[in-house]
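Residue numbers (my numbering): 18 to 254. Each residue gets a CB set at the ideal place from its N, CA and C atoms; glycine is no exception. Because the structure is a prediction, the values reported are computed rather than measured. To start, the structure itself, in structure tokens.
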């Protein structure tokens, strides 16, 4: 584990997934990091179970925040970014396809050199079918948006905190990651793509990824945002 005065905090949203939350917290509680390295968000869950787990297992290397209503993935990241006290905001899903220890370490190894930096990890060790779908989406999105887009769903992500002050109408769904990537491409950010290993989901199921139809629907939603995203991307941080 890399121990230093890191200039980032990692946001992790959860929604109605107390099993993943509890396992995630158990992993964090065995890690050695600076205080509040992780910000765990209960993104409007229907019960208080996640809050109860947070109260019972609280340690100094993470903090807990809650939104009373579900803000969507992108909306949740933007909301939790308000609680980040460091210069850079990172985020990752809480589904345990990524080990939080690996995420912390891969970001801590990077040189966070300036305001116009974007880190978006590439995913390795994924099922072949998932890798194929990612490649197909990358080809379609690259042609449509006119930018070279590769593994647009790669995570964790990291960007300067000032990014979250430019626009109130960020995408609220899972297209948020693609939007941030597109914004950084259009504005010539320095983009770093370290790789990180993926695993299968440990608990529960995705709240949006219900099969091929849901993935196609998200793809079409992303494509229809082109003009709106291009307009937002004219706003500089």
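For my contact list, residue i and residue j are in at a C-beta cut-off of 8 Å; report their separation, rounded to the angstrom.
i           : j           : result
residue 173 : residue 56  : About 13 Å; that fails the 8 Å criterion.
residue 61  : residue 190 : Rounded, the Cβ-Cβ distance is 14 Å, inconsistent with contact.
Tell me the rounded alpha-carbon separation between residue i and residue j.
i           : j           : result
residue 247 : residue 73  : 45 Å
residue 102 : residue 231 : 35 Å
residue 197 : residue 30  : 17 Å
residue 224 : residue 252 : Its pLDDT being 49, under 50, residue 224 is placed unreliably in this model, and the coordinates cannot settle the point.
residue 169 : residue 99  : 24 Å
residue 235 : residue 85  : 25 Å
residue 144 : residue 157 : 20 Å
residue 163 : residue 75  : 46 Å
In or out: residue i buried (at least 16 other Cβ within 10 Å) or exposed?
i           : result
residue 63  : exposed
residue 227 : Per-residue confidence for residue 227 stands at a pLDDT of 48, beneath the threshold of 50, marking its modelled position as unreliable; the derived number appears in the next sentence. Looking at its Cβ environment, which holds fewer than 16 other Cβ atoms inside 10 Å, residue 227 is exposed.
residue 37  : buried
residue 237 : exposed
residue 70  : buried
For residue i versus residue j, is the C-beta distance shorter than 7 Å?
i           : j           : result
residue 48  : residue 118 : yes
residue 139 : residue 212 : yes
residue 35  : residue 66  : yes
residue 111 : residue 41  : yes
residue 121 : residue 206 : no
residue 171 : residue 137 : yes
In its own chain, which residues sit with a C-beta less than 6 Å from the C-beta of residue i, not counting the 5 before and 5 after it?
i           : result
residue 93  : 30, 58, 60
residue 108 : 28, 94, 174
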